[in-house]
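Q: Below are the structure tokens for one structure; questions will follow.
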Amino acid sequence: MLNGVFPASLAAAQTGIASWYSKEAPGIKRHTANGELFDDQKLTCASRYYAFGTRLRVKNLKNGKSVVCRVNDRGPHKRLWRRKIDLTKTAFRLIADPSIGLVRVSITKISD
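Residue numbers for the sequence shown, in numbering that gives the first Met the number 0: 0 to 111.
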């Protein structure tokens, strides 16, 4: 791990569980880890595996829908270690119904 991020070579592509978060969720801060104002209407995400600014394609493995989002936050929280990525509610809605909460996805790095 380097600067709180796993090396990109380990994270070029992976599969795992995605969740979503929004400004209504308890404990969500006003700012993201990179200092931006948190805006759950944007196509952004939180990841422990990719550097800030990295664009990722997140694909729902069940229905094939995908979204491209930009990493601007850290997470999911380490107590949720099985989850690979937190999407904003808006980004999650493009690949699955938020009421299901979690979805199995593939995550592919597009660029830094």
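Every residue, glycine too, gets a C-beta built ideally from N, C-alpha and C.
Quantities reported herein were computed from a predicted structural model and do not represent experimental measurements.
#1: Give the secondary structure of Arg-92 by DSSP, where H, G and I count as helix, E and B as strand, and everything else as coil.
#2: Measure the alpha-carbon distance for Ser-8 versus Thr-89 and round it to whole angstroms.
#3: Closer than 8 Å is the cut-off here; do at least three beta carbon pairs connect the stretch 46–65 with the stretch 83–99?
#4: Find out if the Cβ-Cβ distance for the pair Thr-53, Lys-108 is shorter than 8 Å.
#5: Expressed to the nearest angstrom, what Euclidean distance is found between the alpha-carbon atoms of Glu-23 and Arg-69?
#6: Please classify Leu-86: is it buried, with 16 or more other beta-carbons within 10 angstroms of its beta-carbon, or exposed?
A: Straight from the coordinates:
#1: helix
#2: Confidence at Ser-8 is low in this model, with a pLDDT of 48, below 50, so the placement of that residue should be treated as unreliable; the coordinate-derived value is given next. In a straight line, the C-alpha of Ser-8 is about 28 Å away from that of Thr-89.
#3: yes
#4: yes
#5: 21 Å
#6: buried
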